[in-house]
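Engineer: Protein chains in written order, with our numbering: chain A, 318 to 612; chain B, 966 to 1274.
Rendered as structure tokens:
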């Protein structure tokens, strides 16, 4: 007769992971809970994961409060879509060229990319070039262009090409008389779609979650993206009038939503990412792993 | 003859060269121009004259910056936080990877990984809301539930700097451990399984297998990632130190790092503040550059394929 063996270490590890998972999710559940709580219940009982009094008022308020939020959503979507397309395309071409062993300037262009990971001009010089030389302040493109090229994307994409595109295919295409562009767009690109998807995923996340570029370069409230709109709202909660950079946002704060509505907006802003992320997790991890194994 | 050879050479390579041009333009505009723009640290910036036209003023900006008490505070904060993040990160990231790998139920393991990776996908603005839900003075969970349950008085979190090192450290690990464990999980997946089988035959239990096979196999990876992280010790995650404390002045002694100091000085209207920002940014860039080069040279000695150059 076989005895059922209880695997005690496994039970302990599993329990630890249940606790870790709760710790990871709890803050998010708390904010979701608050967003579904009636405003008067918030001031009476404080924030709780399970609302004392359920209410959809916060979401109703956010949806009906009109232009400001809709416009910010529009800015975020525009920046994310356009930025991701440009970035993926530019990175893919650059990485392809430097992945080709017969490209004479391969070393030079690889160095140009890698050097940006070693040395950076820093925030002040970047700010002055972007505003003073390129004149991009308060231009919507300033939330797109600085992130287009990124040495790390280039390295990840180059590794994808050298792993998934055999040199023989490129040579065969050449013998058949295809020129470089035809070889790339007809043969290499369709084969490297998983790599392109990974880069596009990284770029999408970067643009959707960005508040740094508007923090530096956007002072006109109608050009705020979602993240920056949220930030300008939270800073009002604590009455941070000391920060001059945020003073420009006072016009916006005339229609400041209440406690629950802020949390609702927070959920609306990050919801799309959280919903789709489990489906793309595979590509994400693949990209991270490839990026860590260079060459 | 030679010239003809050059032209031929170029036309052979030109399509690939042209493919590099869009990327090159972006690198020049947003990475290389700012590198030259760093000379602004030696100038007295005049907005109407720009980077190149502003008058030189030698080392004045650096004198002002380094004679202020901020210089010491931001350097100390930057380095201490990073040391904690690096050392704690080794332990937590490796433990997380080993733990996920040890879970016998693979579906449960995948679900756990999805959950611990989730915070990485939230922006620091969102994270600052999550933290506020705990620390809000009137309604937050800490002041409403946790502290009363412990019989303690509420704390005005956003004007008391004492607890902030602990808060920032917790938030940092909460957000980064899932992400940091990915590389180690890949490392564990690469370990030869016959080693574990041999160990089982010899009667090693699971703890002994971790202790004598998994951890030693990860040591090279740990060493390399740690050295590379030391190279970045002068940089900080701006979002963590700016968004999470809501950029509150009262908390600066505990939360101000070089990156946030540079930003706040750059945006401040005070006289000479832009000069001090540029001096601090120069200090950060140059020391950072020296550290990255040094650490990569060390890594190249140990494991050439992991070095950047």
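Cβ atoms here follow ideal geometry from the backbone N, Cα and C, with glycine treated the same way.
Between B:996, B:1128 and B:1234, which lies nearest to residue 446 of chain A when the distance is taken from Cα to Cα?
Structural biologist: As a working note, residue 446 of chain A is residue 129 in the first chain. Of the listed residues, the one whose Cα sits closest to residue 446 of chain A is B:996.
Engineer: Would you grab the beta carbon distance between residue 1014 of chain B and residue 411 of chain A for me? Rounded to a whole angstrom, and I think it's under 8 Å.
Structural biologist: Locating residue 1014 of chain B in the second chain gives position 49, counting from the first residue. Locating residue 411 of chain A in the first chain gives position 94, counting from the first residue. Not a contact, Cβ separation roughly 35 Å.
Engineer: For residue 1213 of chain B, which of helix, strand or coil comes out of DSSP?
Structural biologist: Here residue 1213 of chain B corresponds to residue number 248 of the second chain, with the count starting at 1. The answer is coil: DSSP assigns residue 1213 of chain B none of H, G, I, E or B.
Engineer: Is it the case that the Cβ atoms of residue 1220 of chain B and residue 1122 of chain B are separated by a distance below 8 Å?
Structural biologist: Sequence index remark: in the second chain, residue 1220 of chain B carries index 255 (1-based). Sequence index remark: in the second chain, residue 1122 of chain B carries index 157 (1-based). No. Outside cutoff.
Engineer: Based on the DSSP secondary-structure assignment, which residues constitute the bridge partners of residue 1008 of chain B?
Structural biologist: Looking up residue 1008 of chain B in the second chain gives position 43. Residue 1008 of chain B pairs with B:1021.
Engineer: Could you check what DSSP says for residue 1179 of chain B in three-state terms: helix, strand or coil?
Structural biologist: Translated into the one-based positions of the second chain, residue 1179 of chain B becomes position 214. Note: residue 1179 of chain B maps to helix in three-state DSSP.
Engineer: When you compare the stretch 968-980 of chain B with the stretch 404-423 of chain A, are there three or more beta-carbon pairs, one atom per stretch, that lie closer than 8 Å?
Structural biologist: As far as the Cβ criterion goes, the stretch 968-980 of chain B touches the stretch 404-423 of chain A, which means the pair count is three or higher.
Engineer: Using 8 Å as the threshold, is the stretch 1070-1089 of chain B in touch with the stretch 590-607 of chain A, meaning 3 or more CB pairs across them?
Structural biologist: Yes: the two stretches touch, three or more of their Cβ pairs being nearer than 8 Å.
Engineer: If we ignore side chains and look at the alpha-carbon of each, how far apart do residue 919 of chain B and residue 1073 of chain B end up?
Structural biologist: Lying outside 966 to 1274, the shown extent of chain B, residue 919 of chain B is not represented and no answer is given.
Engineer: Identify whether residue 528 of chain A lies in helix, strand or coil by the three-state DSSP scheme.
Structural biologist: In the first chain, residue 528 of chain A corresponds to position 211, counting from 1. In this structure, residue 528 of chain A counts as coil in the three-state DSSP scheme.
Engineer: Would you mind working out which of A:597, A:402, A:336 and A:391 sits nearest residue 466 of chain A, comparing C-alpha positions?
Structural biologist: Numbered from 1 along the first chain, position 149 holds the residue referred to as residue 466 of chain A. Checking every option, the nearest Cα to that of residue 466 of chain A belongs to A:402.
Engineer: For residue 1190 of chain B versus residue 1137 of chain B, is the C-beta distance shorter than 8 Å?
Structural biologist: As a working note, residue 1190 of chain B is residue 225 in the second chain. As a working note, residue 1137 of chain B is residue 172 in the second chain. Taking 8 Å as the Cβ cut-off, residue 1190 of chain B and residue 1137 of chain B do not qualify as a contacting pair.
Engineer: Tell me whether residue 329 of chain A, by its Cβ, gets closer than 7 Å to a heavy atom of the ligand ATP.
Structural biologist: This structure does not include the ligand ATP; it has no bound ligands of any sort.
Engineer: Chain A beta carbons: is any one of them nearer than 8 Å to that of residue 1005 of chain B?
Structural biologist: The residue given as residue 1005 of chain B occupies position 40 in the second chain. True, the Cβ-Cβ gap to chain A drops below 8 Å.
Engineer: Could you compute how far the alpha carbon of residue 407 of chain A sits from the alpha carbon of residue 987 of chain B?
Structural biologist: Residue mapping note: residue 407 of chain A aligns to position 90 of the first chain, counting from 1. Residue mapping note: residue 987 of chain B aligns to position 22 of the second chain, counting from 1. If I take the Cα positions, the gap works out to 6 Å.
Engineer: Helix or strand or just coil, what does DSSP make of residue 1236 of chain B?
Structural biologist: On the second chain, residue 1236 of chain B is found 271 positions in, with the first residue counted as 1. If DSSP states are grouped into helix, strand and coil, residue 1236 of chain B belongs with coil.
Engineer: So is residue 326 of chain A buried or exposed if we call it buried at 16+ other beta carbons inside 10 Å?
Structural biologist: The count along the first chain starts at 1 and reaches residue 326 of chain A at position 9. Exposed is the call here.
Engineer: Hey, is residue 444 of chain A's beta-carbon within less than 8 Å of any beta-carbon in chain B?
Structural biologist: As a first step, residue 444 of chain A must be located in the first chain, where it is residue number 127. Chain B, which has a Cβ nearer than 8 Å to the Cβ of residue 444 of chain A, makes this yes.
Engineer: Taking residue 1174 of chain B as part of the alpha helix (DSSP H), name the residues at either end of that continuous run.
Structural biologist: Locating residue 1174 of chain B in the second chain gives position 209, where the first residue counts as 1. That run of the alpha helix (DSSP H) goes 1171-1174.
Engineer: Specify the secondary structure class of residue 974 of chain B as computed by DSSP and reduced to three states.
Structural biologist: What you label residue 974 of chain B is simply residue 9 of the second chain in a count that begins at 1. Reduced to three states, the DSSP call for residue 974 of chain B is helix.
Engineer: Got a sec, what are the start and stop residues for the alpha helix (DSSP H) residue 327 of chain A sits in?
Structural biologist: In the first chain, counting from the first residue as 1, residue 327 of chain A sits at position 10. From DSSP, the alpha helix (DSSP H) with residue 327 of chain A extends over 325-352.
Engineer: On the CB-based measure, 16 or more other CB atoms within 10 Å of its CB, does residue 1067 of chain B come out buried or exposed?
Structural biologist: Within the second chain, residue 1067 of chain B is the residue found at index 102, counting from 1. Looking at its Cβ environment, which holds 16 or more other Cβ atoms inside 10 Å, residue 1067 of chain B is buried.
Engineer: Checking contacts by CB at 8 Å: is residue 541 of chain A closer than that to chain B?
Structural biologist: Residue 541 of chain A sits at position 224 when you count from the first residue of the first chain. No, because no Cβ of chain B sits closer than 8 Å to the Cβ of residue 541 of chain A.
Engineer: So with Cβ pairs under 8 Å, would you call residue 999 of chain B a contact of chain A?
Structural biologist: Locating residue 999 of chain B in the second chain gives position 34, counting from the first residue. Yes, because at least one Cβ of chain A sits closer than 8 Å to the Cβ of residue 999 of chain B.
Engineer: CB residue 980 of chain B to CB residue 496 of chain A, shorter than 8 Å?
Structural biologist: Here residue 980 of chain B refers to the residue found at position 15 of the second chain. Here residue 496 of chain A refers to the residue found at position 179 of the first chain. Yes, the pair counts as a contact, with Cβ atoms nearer than the cut-off.
Engineer: I want to know whether the stretch 1097-1111 of chain B touches the stretch 350-363 of chain A - three or more CB-CB distances under 8 Å.
Structural biologist: As far as the Cβ criterion goes, the stretch 1097-1111 of chain B touches the stretch 350-363 of chain A, which means the pair count is three or higher.
Engineer: Pair every Cβ in the stretch 1240-1248 of chain B with every Cβ in the stretch 1178-1192 of chain B, then say whether three or more of these pairs are closer than 8 Å.
Structural biologist: As far as the Cβ criterion goes, the stretch 1240-1248 of chain B does not touch the stretch 1178-1192 of chain B, which means the pair count is below three.
Engineer: Considering only C-alpha positions, which residue in the set B:1029, B:1038, B:1099 and B:993 is nearest to residue 432 of chain A?
Structural biologist: Start at 1 with the first residue of the first chain, and residue 432 of chain A comes out as number 115. Out of B:1029, B:1038, B:1099 and B:993, B:993 has the C-alpha closest to the C-alpha of residue 432 of chain A.
Engineer: Measuring alpha carbon to alpha carbon, tell me which of B:1036, B:1254 and B:1244 ends up nearest residue 1008 of chain B.
Structural biologist: Here residue 1008 of chain B corresponds to residue number 43 of the second chain, with the count starting at 1. Out of B:1036, B:1254 and B:1244, B:1244 has the C-alpha closest to the C-alpha of residue 1008 of chain B.
Engineer: Would you mind telling me which residues of chain B sit closer than 9 Å to residue 456 of chain A, beta carbon to beta carbon, in chain order?
Structural biologist: For this step, residue 456 of chain A is matched to residue 139 along the first chain. Residues of chain B passing the Cβ test: none, with the nearest at roughly 14 Å.
Engineer: Compute the beta-carbon to beta-carbon distance between residue 1201 of chain B and residue 1046 of chain B, rounded to the nearest angstrom, for a pair I have assumed lies under 8 Å.
Structural biologist: Start at 1 with the first residue of the second chain, and residue 1201 of chain B comes out as number 236. Start at 1 with the first residue of the second chain, and residue 1046 of chain B comes out as number 81. Residue 1201 of chain B to residue 1046 of chain B, Cβ: 7 Å. Contact.
Engineer: Just by C-beta distance, which residues in the stretch 363-374 of chain A are closer than 9 Å to chain B?
Structural biologist: Cβ contacts with chain B: 363, 364, 365 and 366.
Engineer: Please tell me whether residue 1095 of chain B and residue 1077 of chain B are closer than 8 Å, where the distance is taken between their beta carbons.
Structural biologist: Start at 1 with the first residue of the second chain, and residue 1095 of chain B comes out as number 130. Start at 1 with the first residue of the second chain, and residue 1077 of chain B comes out as number 112. It is not a contact, given that the beta carbons lie outside the stated cut-off.
Engineer: Quick check: is the beta carbon of residue 1250 of chain B nearer than 8 Å to any beta carbon in chain A?
Structural biologist: Start at 1 with the first residue of the second chain, and residue 1250 of chain B comes out as number 285. So, interface residue.
Engineer: Using 8 Å as the limit for Cβ to Cβ distance, is residue 1151 of chain B near chain A?
Structural biologist: To locate residue 1151 of chain B, count along the second chain from 1; it is residue 186. Yes, contact with chain A.
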